[in-house]
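Enquirer: Positions 1 to 585 (my numbering) are the ones given, in order, by the sequence shown. We treat Cβ as the ideally placed atom computed from N, Cα and C, and that holds for glycine.
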Amino acid sequence: MQGRINAMEELIRTLTQRPSTETTSVALPRFNPGNAGTSPASWCAAVSAVMDKVSLRDYELYIAISRALEGTAAEWLTHVPVNGLTWTKFRELFLARYGGTETATSVLIRVLDESPLEDETAGAFGNRLHSLLSAKWGGLSDVELINAVILLRLIWYDQRFERIAFGDDIRTLEQFQREMRIFSHAKKRPVPSPNNPSAEPEAKRRHSSARLPRCLHCGKPGHKLADCRTRKREQQQRSTQRQGGRRPDASPQVVCFKCQAEGHIAPDCPLRRDKKASTKNERVVNCCAVESPAGTLSHLGESFPFYFDSGAECSLIRESAASKFSGKRTTELVVMRGIGNTRVKSTSQILSTVCINGLTLEITFHVLADTYLNYDIMVGREILSQGFDVYITRNSVDICRTKVVNTCSKTPEDEIDINAADTDVIGNDKSRLISVLEKFKNSFITGFPRARVSTGQLEIRLIDPNVTVQRSPYRLSEEERRIVRERIDELIKAKIVRPSNSPFASPILLVKKKDGSDRLCVDFRALNKNTVADRYPLPLIADQIARLQKARYFISLDMASGFHQIPIHPNSTEYTAFVTPDGQY
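Structure, rendered in structure tokens:
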């Protein structure tokens with residue numbers, strides 16, 4: 001009887017077990033690059049600890065990561081290939097996209113600039129700062145910590161030290177002393193005195209202001225939690241809502257101690273902000289009056305009158321008309337300066353795509369109040385930088401794109417200054433080095449190479465000639481499209497690529513380099529699957545390394561853009577065509 005009971009229990013356990021083919025659910029920590037305090041390195045460290053226990057690959061890893069990424073990171077994940085995906089490979093791609101470089105000093109500066117989040121207690125704020133420093137400073141030595149603190153103090157003394165603080169970590173005492181020698185003979189700062197208060201450096205004044213108390217409710221310096229105006233106003237509004245169940249009345253008017261006007265306090269006084277406004281946020285608008293609109297533009301199927309001002313550095317739009325335009329919206333404070341040095345402020349911008357005379361333009365409109373403009377839209381001369389020409393007549397304005405035919409020009413080459421070479425060699429050795437570089441300076445280039453190798457051509461043989469690769473372009477942001485356009489223009493000027501109408505089309509994408517710049521890459525994976533591989537016997541690497549024994553000189557020079565120097569066989573040119581959101585090449 002007992003044996004039958006045991007067999008029945010074993011049968012029940014077998015039936016209730018989950019199928020072995022079901023993938024084990026792995027919950028990874030969330031990551032959203034848009035959230036404050038997000039650390040890509042800390043997230044990778046946490047996921048690495050999970051991957052040490054659970055090994056995931058390919059689709060299983062992709063599904064687990066897709067549940068963890070949010071915001072723009074989730075959109076970026078769609079560009080990551082799934083086949084052959086491992087955690088090591090994904091971590092390299094992830095850190096190259098979101099990791100960046102953060103030195104010990106920059107971490108300390110970020111901690112000093114942190115402020116409590118909304119409804120965050122002082123204890124929770126302290127624990128968050130402790131976690132941030134532990135993740136960034138966990139593996140640093142005592143010397144590195146000392147160097148980081150000293151550099152932070154030196155930044156307050158002289159802003160030139162920011163280059164060292166935000167560059168690379170100073171890991172040893174010798175490296176720190178070598179960096180300090182650069183500033184050993186620098187001019188001393190003026191000593192502040194009662195008769196010369198302006199001699200006090202801006203860095204010290206900023207440091208003095210940093211010692212002011214900071215409110216734990218609104219995060220602004222200069223007052224404590226008990227004196228916070230925002231907190232008292234919110235408490236009064238909540239009290240009024242609880243008592244009457246209606247919207248609270250407008251807050252009592254305050255008087256500015258600077259201009260004696262009502263509605264704001266001295267730190268928010270417009271007169272004070274006008275004096276501190278930076279010239280880089282100003283736009284010149286020299287418009288007096290216009291009798292009638294000069295043209296018509298269309299957006300989303302609706303037509304709008306506009307006039308053109310050749311003296312304006314930017315384009316303007318009325319606030320009432322801005323609601324009818326779609327596009328990327330930003331909120332930056334831009335000061336418009338016109339005749340008589342009058343100033344008008346714009347706090348909203350719209351990047352919209354419009355059509356004028358059958359041409360598509362991307363224009364950034366600065367939104368202004370209706371009282372500042374006679375018409376709904378004013379287009380400035382910024383459109384000239386997009387390759388358009390404007391023909392103005394007495395009653396109209398025409399915009400067209402000029403096509404230049406049979407124009408020859410010589411691109412001036414940048415002169416290489418051999419004497420400005422960045423090297424640690426000093427004395428007579430440096431003179432010898434400069435003489436050698438001067439002798440062979442024709443072997444160095446800047447930009448893309450102009451010459452081609454003559455050893456052969458790249459010929460592509462297809463497995464099935466009837467198969468054509470036709471891919472749509474990958475989706476890019478406006479900033480990425482601008483970078484792609486600049487790279488394509490450089491390649492066209494160097495005669496490396498040219499516009500194409502080939503039936504083949506492979507997409508392009510931008511990949512981050514180690515230095516943070518973007519590399520333009522073409523996704524030829526679909527073409528490679530249909531390409532006959534060239535297989536030649538290659539020498540063993542171990543044999544080549546063995547031949548280097550007893551060698552006295554080693555060199556690390558590399559061929560600049562070597563792949564661009566190999567000519568393509570005329571019969572294979574159409575296979576290498578690639579497509580961008582703006583054209584095919």
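1) Give me the Cα-Cα distance between residue 589 and residue 361, rounded to the nearest whole angstrom.
2) Suppose you measure from the CA of residue 97 to the CA of residue 512; what does that come to, to the nearest Å?
3) Does any CB atom of chain C fall closer than 8 Å to the CB of residue 438?
4) Okay, do the stretch 459-470 and the stretch 496-507 touch, 3+ Cβ pairs below 8 Å being the bar?
5) Provide the residue(s) that pair with residue 458 in DSSP beta bridges, ordered along the chain.
6) Check residue 334 in the structure and name its three-state DSSP category.
7) Could you tell me the boundaries of the alpha helix (DSSP H) in which residue 536 lies?
8) In three-state DSSP terms, what is residue 589?
9) Using CA coordinates, which residue listed in 461, 490, 546 and 431 is at the minimum distance from residue 528?
10) Go ahead and pull the three-state DSSP assignment for residue 130.
11) Buried or exposed, going by whether 16 or more other CB atoms sit within 10 Å of the CB of residue 317?
12) Just the C-alpha distance for residue 152 and residue 520, rounded to the nearest angstrom, thanks.
13) Under DSSP, the alpha helix (DSSP H) around residue 52 begins and ends at which residues?
14) Hey, how far is the Cα of residue 525 from the Cα of residue 576?
15) If you drop the 5 nearest sequence neighbours on each side, which residues of the same chain put their C-beta closer than 6 Å to that of residue 580?
16) Are residue 221 and residue 214 touching if we call contact CB-CB under 8 Å?
17) My understanding is that residue 86 touches residue 57, with C-beta atoms under 8 Å, so please give their C-beta distance in whole angstroms.
18) Do the stretch 373-387 and the stretch 292-305 meet, that is, are 3 or more Cβ pairs less than 8 Å apart?
19) Tell me whether the beta-carbon of residue 31 lies closer than 8 Å to the beta-carbon of residue 69.
20) Which value, in whole angstroms, describes the spacing of the CA atoms of residue 491 and residue 390?
21) What are the start and end residues of the alpha helix (DSSP H) that includes residue 389?
22) According to DSSP, is residue 364 part of a helix, a strand, or is it coil?
23) Could you tell me the boundaries of the beta strand (DSSP E) in which residue 154 lies?
24) Only counting the same chain, and skipping five residues up and downstream in sequence, which positions put a Cβ closer than 7 Å to that of residue 487?
25) Kindly indicate which residue of 381, 464 and 335 has the alpha-carbon position closest to the one of residue 310.
26) Any idea if residue 428 is buried or exposed, counting beta-carbon neighbours within 10 angstroms, 16 or more meaning buried?
27) Where do the ends of the beta strand (DSSP E) carrying residue 511 lie?
28) Quick one: what's got a C-beta closer than 7 Å to residue 373's C-beta in the same chain, skipping five residues either side?
29) Should residue 170 go down as buried or exposed, given a rule of 16 or more other Cβ atoms within 10 Å for buried?
30) Put residue 118 into one of helix, strand or coil per three-state DSSP.
31) For residue 325, does the three-state DSSP call read helix, strand or coil?
32) Taking 8 Å as the cut-off, decide whether the C-beta atoms of residue 33 and residue 71 are in contact.
33) Which residue comes first and which comes last in the alpha helix (DSSP H) that contains residue 427?
34) Going by other Cβ atoms of all chains shown within 10 Å of its Cβ, with 16 needed for buried, is residue 308 buried or exposed?
35) Excluding five sequence neighbours on each side, which residues of the same chain lie with their C-beta closer than 8 Å to the C-beta of residue 584?
36) Can you tell me whether residue 71 is helix, strand or coil according to DSSP?
Expert: The answer reads as follows:
1) Any property of residue 589 remains undetermined from this structure, which presents the chain solely from 1 to 585.
2) 7 Å
3) Among the chains of the structure shown, chain C does not appear; only one protein chain is present.
4) yes
5) 568
6) strand
7) First-last for residue 536: undefined, no H or E at that position.
8) The displayed coordinates of the chain run from 1 to 585. Any statement about residue 589 would go beyond what the structure contains.
9) 461
10) helix
11) buried
12) 37 Å
13) 40-53
14) 12 Å
15) 473, 484 and 508
16) yes
17) 6 Å
18) yes
19) yes
20) 28 Å
21) No alpha helix (DSSP H) holds residue 389; the beta strand (DSSP E) holding it covers 388-392.
22) strand
23) Counting along the chain, residue 154 falls outside any beta strand (DSSP E), though it belongs to the alpha helix (DSSP H) covering 142-157.
24) 520
25) 381
26) exposed
27) 506-512
28) 316 and 318
29) buried
30) coil
31) coil
32) yes
33) 427-439
34) buried
35) 499, 500, 501, 502, 505, 577 and 578
36) coil
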